[in-house]
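As given, the protein sequences belong to chains W and E, one line each in that order.
Throughout, my numbering is defined as the position within the first sequence, counted from one, plus 868.
Mapping the second sequence onto my numbering, position 277 (from 1) lands on 265, and the numbers just tick up by one.
Even for Gly, the Cβ is constructed at its ideal location relative to N, Cα and C.
To keep things clear, I will list the structure first and then write my remarks on it.
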Amino acid sequence: MATVTYAQASRHYPGTERPAVDKLDLEIRDGEFLVLVGPSGCGKSTSLRMLAGLEDVDNGAIYINDKDVTNLPPKSRDIAMVFQNYALYPHMTVYENMAFALKLRKTPKSEIDVRVKKAAQMLQLEDYLNRKPKALSGGQRQRVAMGRAIVREPQVFLMDEPLSNLDAKLRVQTRSQIASLQSQLGITTVYVTHDQIEAMTMGHRVAVLLDGVLQQCDTPRALYDTPANVFVAGFIGSPAMNIKTVALTDEGAIFGQMILPLSRDQIAKARAEGGDGKVTVGFRPEECELVSATEGGMPIVVDLVEDLGSGANVYGHAAINGDSERFVVATDRRTMPNLGDTVFVKPRTDHHHAFHATTGVRI
Amino acid sequence: MKHGKYPLLAAFLLPALGLYIYFVISPYAQAFYISGTDWLGLSDTYNWVGFDNFVRLAKDEYLRNALWHNAVLMVLLPVITIVLGLFLASMLNVGGGQGRVRGLPGSGLYKVIFFAPQVLSVAVIGVLWKELYNPRSGLINGGLRALGLDSLTKTWLGDPDVAFWAVLAVMVWANVGFYVVLFGAAMQSIPRDIYEAVALDGANRWTALWRITLPLVWDTVQVAWVYLAILALDGFALVQVMTRGGPNFSTDVVGQRMYDVAFGEFKFGEASAIGVIMFFLTLSVTVIALRLSRREKVEFS
Chain W
869 MATVTYAQAS RHYPGTERPA VDKLDLEIRD GEFLVLVGPS GCGKSTSLRM
919 LAGLEDVDNG AIYINDKDVT NLPPKSRDIA MVFQNYALYP HMTVYENMAF
969 ALKLRKTPKS EIDVRVKKAA QMLQLEDYLN RKPKALSGGQ RQRVAMGRAI
1019 VREPQVFLMD EPLSNLDAKL RVQTRSQIAS LQSQLGITTV YVTHDQIEAM
1069 TMGHRVAVLL DGVLQQCDTP RALYDTPANV FVAGFIGSPA MNIKTVALTD
1119 EGAIFGQMIL PLSRDQIAKA RAEGGDGKVT VGFRPEECEL VSATEGGMPI
1169 VVDLVEDLGS GANVYGHAAI NGDSERFVVA TDRRTMPNLG DTVFVKPRTD
1219 HHHAFHATTG VRI
Chain E
-11 MKHGKYPLLA AFLLPALGLY IYFVISPYAQ AFYISGTDWL GLSDTYNWVG
39 FDNFVRLAKD EYLRNALWHN AVLMVLLPVI TIVLGLFLAS MLNVGGGQGR
89 VRGLPGSGLY KVIFFAPQVL SVAVIGVLWK ELYNPRSGLI NGGLRALGLD
139 SLTKTWLGDP DVAFWAVLAV MVWANVGFYV VLFGAAMQSI PRDIYEAVAL
189 DGANRWTALW RITLPLVWDT VQVAWVYLAI LALDGFALVQ VMTRGGPNFS
239 TDVVGQRMYD VAFGEFKFGE ASAIGVIMFF LTLSVTVIAL RLSRREKVEF
289 S
């Protein structure tokens, strides 16, 4: 049971221009499942490793339960970590792997046995306790890594892309297992991934990072509905949001013949601080419709249609202010167009997002 | 490829095989043959004496003394070299800090220094240390005197109680660098995250070395053990340069004995018999060592 607080925590690798993690402020509640997500090199793993004590904190501090752990060695922080490559001890059996940390803590043998067996039962590893890691499948190894963390009963779980070495189907299955395990155990968890679907499906809250800077930390729903800036808008959601910077008028943003209405307040904000008569507008592929030519949609020439079975993604381009811009629309299979068709796309009313053209901040 | 395969293969194999037979197998065969004669090395006549040489050697005190020294070397040289090598390698590669997997500061320089003796030939090492051990002008006694530790000065290579250990020290010094590099390479191949997991699990450096590093480099330690044991059966070159087996045979080894019997006493028959004994000893040590150390292989996932 623990809270975790990053207070202006920074990590600057010597010889690099910008910090890998830049003044990270983050409060993680007791029992919360927090996901750190972002593209590679955004500092998410570094942030996690700073919490683990595997990486120095150059500035700022990290607290677990209001206790400053910034300069504590990893073993004094009472945390357990699941590594991307599992980092199982190859010369030990599954049982020994799970019992190792407890043995080091001089836990009585009988209690080690109880705890390892219980974890093995939770993870369906009972039949494999005497095997070495090399005799296990990828999914089983992943579960052993989980088990090794669970038996510790630590204050905080850290998981560094634990699913990235599994195949797609197993990943989906394990994703839900981890989420339900975490809610059963109620242990504060910090989870790193580059996969926004994992982030959205598992996290109580999701922190989006880019270039070492925290962009937004909120519930998955809030990230999807009200992204704080252009990056978050483009990163969360699949397929990605259609985001274009277009001319601004008193009514709203001009997409060719189509006008996306903006409020007076939004227009005023878009014009502030060098907006330069432009505004960045985005709408999600799944929040627009294909309409007939007369209903005022934007004409798009279809380049590619992805039939997903449950629906279809339509990729196409449109000429806007002389430039060819690419768009993607999620549609029903029944209204699926053919290659080369011209379709008319219209975002649903009030389901578009507006951002400042230069700062990228939501307005 | 089916037809005419063997002539082609033979064309590649035969030259190498021929050289091997001529330069390696045939001297062995000759040594085996000479060991059954009373050849004096210079004469062109000799008599076949069967196992007489071996029978005499079985009761030979000097050979027994030399064999004993080799036996002691065979235990001490691998133990000291491997323990020291493991310690230094772990300090240079993984001992640098809690949870952060790296060597101690300046480990690059230390690696070079430790490895340096490896590029010197045994003769150079022997001469070098002979000078260092020199009781009057040597650096070791000089250093001790400069520190006011006159009582510790010794005639290192002249004292039968000390000379053997002085030679052993040089053997360790000359070999440990290679094993630091060998063990270092094995340690580098252990995934970093295993050490991170160990640190998070609460192990200190000593536990990590003992419970993780050592089991994971055990294959390499075994190889080192075999190399060093075979090396300990030899030791001729260094002994020849530094002490010639003296004083009072206190540093004599089987190789030195063979040399003395051949080129000192000109009993080539008997010397060859010593060589044959050495051959079988080395062979059995190798076979036993490889048998004993056979173990399940560790695989990194």
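Give me the chain W residues within the contact set of residue i, using Cβ-Cβ distance strictly less than 7 Å, ordered along the chain.
i: E:GLY190; result: LYS943, ALA969, LEU972, ARG973
i: E:ILE182; result: ALA955, TYR957
Would you list the one or two residues that DSSP bridges to residue i?
i: W:GLY1120; result: W:PRO1129
i: W:CYS1085; result: W:ALA1075
i: W:PRO942; result: In DSSP, W:PRO942 forms no bridge with anything.
i: E:ASN294; result: The first residue shown for chain E is -11 and the last is 289, placing residue 294 of chain E beyond what the model contains.
i: W:LYS935; result: W:ILE932
i: W:ASN1181; result: W:GLU1174, W:ALA1198
i: W:CYS1156; result: W:PRO1215
i: W:GLY1150; result: W:ILE1111, W:HIS1221
i: W:ILE1188; result: W:ASP1191
i: W:VAL889; result: W:ARG879
i: W:LEU904; result: W:VAL1060, W:ALA1075
Taking 9 Å as the threshold (beta carbon to beta carbon), is residue i in contact with chain W?
i: E:PRO179; result: yes
i: E:ALA185; result: yes
i: E:TYR128; result: Sequence inspection shows Ile at residue 128 of chain E; the Tyr mentioned does not correspond to that position. Closer than 9 Å: no.
i: E:ILE200; result: yes
i: E:ILE113; result: no
i: E:GLY87; result: Caution is warranted here: a pLDDT of 49 is assigned to E:GLY87, below 50, making its placement in the model unreliable, and the coordinate value is therefore given only provisionally. True, the Cβ-Cβ gap to chain W drops below 9 Å.
i: E:LEU156; result: no
For residue i and chain E, any beta-carbon pair shorter than 9 Å?
i: W:ALA1067; result: no
i: W:ALA955; result: yes
i: W:GLN952; result: yes
i: W:PRO1020; result: One point to set straight first is that residue 1020 of chain W is Arg, not Pro, in the sequence displayed. Yes, contact with chain E.
i: W:ALA888; result: no
i: W:LEU922; result: yes
i: W:ARG1016; result: yes
i: W:THR884; result: no
i: W:HIS1219; result: no
Do residue j and residue i count as a contact pair if the criterion is CB distance below 9 Å?
i: W:VAL1100; j: W:PRO1153; result: no
i: E:MET230; j: E:GLY114; result: yes
i: W:PRO1088; j: W:GLY1071; result: yes
i: W:GLN876; j: W:ALA929; result: yes
i: E:TYR290; j: E:PHE267; result: The structure shown does not extend to residue 290 of chain E, since chain E is modelled only from -11 through 289, so no value can be given for it.
i: E:SER260; j: E:SER23; result: yes
i: W:PRO887; j: W:GLY1124; result: no
i: W:PHE1151; j: W:LEU1128; result: yes
i: W:ALA1075; j: W:LEU904; result: yes
i: W:PRO1030; j: W:TYR1059; result: yes
i: W:PHE1103; j: W:LEU1082; result: no
i: E:VAL186; j: E:ALA174; result: no
i: W:LYS985; j: W:GLU994; result: yes
Report the neighbours of residue i on chain W: residues whose CB is nearer than 8 Å to its CB, in chain order.
i: E:PRO203; result: HIS959
i: E:THR195; result: LEU972
Check each candidate in the options and name the one with the smallest Cα separation from residue i.
i: W:MET1027; options: W:MET1109, W:LEU1038, W:THR1056, W:ALA1136; result: W:THR1056
i: E:GLU258; options: E:VAL169, E:TYR8, E:VAL160, E:TYR21; result: E:TYR21
i: E:ASP189; options: W:SER1131, W:LYS943, W:THR1210; result: W:LYS943
i: W:GLY1208; options: W:GLN1064, W:PHE1223, W:VAL1170; result: W:VAL1170
i: E:ASP32; options: E:THR270, E:PHE256, E:LEU278, E:SER272; result: E:PHE256
i: W:PRO1212; options: W:ALA1187, W:GLY1177, W:ALA1067, W:LEU1078; result: Residue 1212 of chain W is actually Phe in this sequence, not Pro. Closest by alpha carbon: W:ALA1187.
i: E:ILE262; options: E:MET246, E:TYR8, E:SER272; result: E:MET246
i: E:ALA157; options: E:ALA174, E:LEU135, E:LYS118; result: E:LYS118
i: E:PHE152; options: E:VAL37, E:TYR10, E:LEU61, E:ALA212; result: E:LEU61
i: E:PHE254; options: E:TRP27, E:LEU2, E:ALA(-1); result: E:TRP27
i: E:ALA77; options: E:VAL209, E:ASP248, E:GLY233; result: E:VAL209
i: W:PHE951; options: E:PRO179, E:GLY234, E:SER139, E:GLY126; result: E:PRO179
i: W:ASP898; options: W:THR1210, W:ALA1225, W:LEU1038, W:PHE1025; result: W:PHE1025
At 8 Å on the CB atoms, spell out the chain E contacts of residue i, in chain order.
i: W:ILE947; result: LEU188
i: W:ALA1198; result: Those do not exist, as W:ALA1198 stays about 39 Å from chain E at its closest Cβ, beyond 8 Å.
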